Amino acid sequence: MPASASASPRRPLQRLRFVLLPLFSLACVDSPSSADDEASASTTSADAGTNTDESSSSETANTSESAETSAETESSGSAETETDSGSSESDSGSTETETETETETETETGEPEPYVCDNPTPIMQWQTEVPSGWVTCADGFEHRVEAIECVDPQEQSNAGCANFGVASCHTVEDCTEHAYGACVFAPLVNCECTYGCQSDADCEPGTICACAGVAGSSPQCIPSNCESSSDCGDGLCGLSSFAGLCSNIYQAGCADPYADCHVDDDCDGPPCEPPGGECSLGTTPGNAWDCNVPSDCNGEC
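Residue numbers (this note's numbering): 269 to 569.
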């Protein structure tokens with residue numbers, strides 16, 4: 269019995285030994301693998317760190333290159349913009365210079381501005397409030413806008429002519445060559461016949477009727493190449509008064525809008541020195557409006 273009792277406790281230990289020994293062996297075998305795994309994990313981690321560093325470096329490099337490229341692009345764009353701006357300003361300045369040059373050239377070489385009758389005022393028939401068909405412009409130029417019949421077509425005869433022994437006429441009965449005759453005083457010849465008019469129909473071809481108050485205080489037919497300003501295109505049918513020693517010489521004619529003159533103020537220099545200080549058609553019907561020396565400067569009637 270004692271022998272059996274002492275032997276019985278060993279059997280459980282031996283069984284435990286047999287159970288633990290294989291487990292210990294397995295543990296010893298698995299341990300290198302774990303170490304390898306840890307080494308492998310460490311290597312992988314290191315590689316990952318390296319890759320991360322390389323990736324970070326690469327990204328940094330790419331970012332730097334991108335920044336440099338962007339900077340170059342912006343610099344280039346800015347430079348091009350400044351260049352374009354400078355070019356645009358240059359072109360603008362060139363255009364303004366060309367425009368100014370063209371304007372100056374047109375001003376220096378272009379024709380003068382066409383004449384315009386400002387503030388036309390009707391000319392009334394002598395001692396009446398009836399329009400004559402003529403108007404006076406603000407600068408004094410007179411032109412015919414329409415033909416109107418005269419209120420008083422005949423001048424009054426001078427009773428004193430009856431007492432002149434030698435004269436062209438003595439009474440109105442001596443003046444019958446045309447309608448509306450009158451015997452009036454005249455320089456150098458004492459008395460002479462004059463003939464008035466009521467309308468253009470009373471005048472010879474190439475003449476028109478100027479009512480009293482237009483060409484002096486009596487109605488008369490005057491030479492003219494127009495009946496009204498509507499016959500003159502862009503011009504005006506103007507009244508010309510040419511000073512003579514005995515009387516003024518009246519006639520009408522188209523005044524071109526670019527005529528050398530329209531009124532005496534357009535003429536430079538003294539009246540009696542060429543080209544003269546009187547704007548008129550001169551003494552010849554159909555002449556152009558020009559500055560002339562009045563005939564009374566030469567003692568002519």
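Note that beta-carbon positions come from the ideal geometry of N, C-alpha and C, so glycine has one too. Please read these numbers as outputs of a predicted model, since none were measured by experiment.
Item, Value
"Short check: CB of S400 to CB of G481, under 7 Å?", "yes"
"Can you tell me the Cα-Cα spacing of P487 and N387, whole angstroms?", "26 Å"
"Does the separation of the CB atoms of C465 and S436 fall below 7 Å?", "no"
"Where DSSP assigns a beta bridge to E414, which residues make up the other side?", "In DSSP, E414 forms no bridge with anything."
"Just to confirm, is the Cβ distance from P525 to D499 under 7 Å?", "no"
"CA-CA distance, H446 and D558?", "33 Å"
"Counting along the chain, where does the beta strand (DSSP E) carrying L504 start and finish?", "L504 to F510"
"A527 by DSSP, collapsed to three states: which one?", "coil"
"Please go through the region 384 to 458 and give each complete beta strand (DSSP E) segment of 3 or more residues, from N-terminal end onward.", "389 to 392, 399 to 404, 410 to 412 and 449 to 454"
"Go through its chain and collect everything with a Cβ distance to V434's Cβ below 8 Å, but skip five positions before and after it.", "N458"
"Return the first residue and the last residue of the beta strand (DSSP E) that A478 is part of.", "T475 to A478"
"Assuming the contact rule is C-beta atoms closer than 8 Å, C477 and C489 should be a hit. Round their C-beta distance to whole Å, please.", "6 Å"
"Since Y467 and A511 are thought to touch, with beta carbons under 8 Å apart, how far apart are those beta carbons, to the nearest angstrom?", "Inspection of the sequence shows that residue 467 is occupied by Ser rather than by Tyr. Actually they do not touch by this definition, with Cβ atoms about 28 Å apart."
"From the DSSP output, in three-state form, read off D536 for me.", "coil"
"Could you please give me the residues that DSSP links to Q488 through a beta bridge?", "A478"
"With F409 and G521 assumed to form a contact (beta carbons below 8 Å), what rounded beta-carbon distance in angstroms separates them?", "Not quite, the Cβ-Cβ distance comes to about 13 Å (not below 8 Å), so this is no contact."
"Leaving out five residues before and five after Q519 in sequence, what residues of the same chain have Cβ atoms less than 7 Å from its Cβ?", "I490, P491, S492, S508, L549 and P553"
"In angstroms, rounded to a whole number, what distance separates the CA positions of P380 and A523?", "15 Å"
"Specify the secondary structure class of A556 as computed by DSSP and reduced to three states.", "coil"
"First and last residue of the beta strand (DSSP E) that includes C565?", "Note, C565: premise wrong, no beta strand (DSSP E); not H, not E."
"Give me the Cα-Cα distance between V398 and A483, rounded to the nearest whole angstrom.", "16 Å"
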